[in-house]
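> Residue numbering for the sequence shown follows this note's numbering, starting at -15 and increasing by one per position.
Where a beta carbon is used, it is the ideal one built from N, C-alpha and C, also for glycine.
Computed from a predicted structure; not experimentally measured.
Encoded as structure tokens, here's the structure I'll be asking about.
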Amino acid sequence: WNGSATTHFMSRKPIPGRPLMLVVEDDPELGAMIHSSLEAEVEVIEARNWADARAWLKRTRFDLILLDLFLPDADLLHPLEAIRQIDADYPVILMSGNLDPSDAIIDRIERLGVNAILTKPFSLAKLQERVREFLPRRG
-15 WNGSATTHFM SRKPIPGRPL MLVVEDDPEL GAMIHSSLEA EVEVIEARNW
35 ADARAWLKRT RFDLILLDLF LPDADLLHPL EAIRQIDADY PVILMSGNLD
85 PSDAIIDRIE RLGVNAILTK PFSLAKLQER VREFLPRRG
């Protein structure tokens, strides 16, 4: 698959009754690994950039958002700020490969209410653990 997420997924309808997660990740390989590791438990919608993610957020309510901190078409924290304007209680797991715990940006991220931060590279087991932690309980 080599198209944009909007072209590929915007016509898709989520499966009713399954938890729905938006994965915003510009690396297609990592996005595919995330998708395949979670698809047994959750309906995964992928967006390769902030424009595609924003389009999904305008029309769909997600149970969880997995968000890459560094997207090519967005300023650093703009996507997270925009998500918080849509719904301050959205569960958000942030992914980043270049985040040092001493960075000043950590304070801003915490103020915006990120539920968890996954530092790249992370294990798929750790990802699954975090996703299960924040998905709503069904049934």
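Let me confirm a value: Asp91 is counted as buried when at least 16 other C-beta atoms fall within 10 Å, else exposed. Which label applies?
Counting from one through the sequence shown, the residue named residue 91 turns up at place 107. Asp91 is exposed by the Cβ-count criterion.
> Would you list the residues sitting across from Ile49 in a DSSP beta bridge?
Within the sequence shown, the letter at position 65 stands for residue 49. DSSP lists Leu6 and Val76 as the beta-bridge partner residues of Ile49.
> Since Leu48 and Leu108 should fall inside the 8 Å C-beta cutoff, what is the C-beta to C-beta distance between them, to a whole number of angstroms?
The count along the sequence shown starts at 1 and reaches residue 48 at position 64. The count along the sequence shown starts at 1 and reaches residue 108 at position 124. Actually they are not in contact, since the Cβ atoms of Leu48 and Leu108 sit about 16 Å apart, beyond 8 Å.
> May I ask which residues mark the beginning and end of the alpha helix (DSSP H) holding Glu25?
Working through the sequence shown from its first residue, we reach residue 25 at position 41. Careful: Glu25 lies outside any alpha helix (DSSP H) and carries neither H nor E.
> How many Å lie between Ala31 and Asp84 at the Cα?
Position 47 of the sequence shown holds residue 31. Position 100 of the sequence shown holds residue 84. Taking the straight line joining both Cα atoms gives about 25 Å.
> Alpha carbon to alpha carbon, what distance is there between Ile93 and Lys42?
Residue numbering aside, residue 42 sits at position 58 when the sequence shown is read from its first letter. Residue numbering aside, residue 93 sits at position 109 when the sequence shown is read from its first letter. In this structure, the CA atom of Lys42 is about 22 Å from the CA atom of Ile93.
> Using a 10 Å radius around the Cβ and a threshold of 16 neighbouring Cβ atoms, would you call Asn33 buried or exposed?
In the sequence shown, the residue the question calls residue 33 occupies position 49. So Asn33 ends up on the buried side.
> Leaving out five residues on either side along the sequence, give the residues of the same chain with a beta carbon under 6 Å from the beta carbon of Leu50.
The residue labelled residue 50 in the question sits at position 66 within the sequence shown. Here the set comprises Val7 and Ile77.
> Pull the bridge partners of Glu30 from the DSSP assignment, please.
Position 46 of the sequence shown, counted from the first residue, corresponds to residue 30. Answer is Val7, bridged to Glu30.
> How about Leu96 and Leu60: are their beta carbons less than 7 Å apart?
Taking the sequence shown and counting its residues from 1, one reaches residue 96 at position 112. Taking the sequence shown and counting its residues from 1, one reaches residue 60 at position 76. Not a contact, by the Cβ cut-off of 7 Å.
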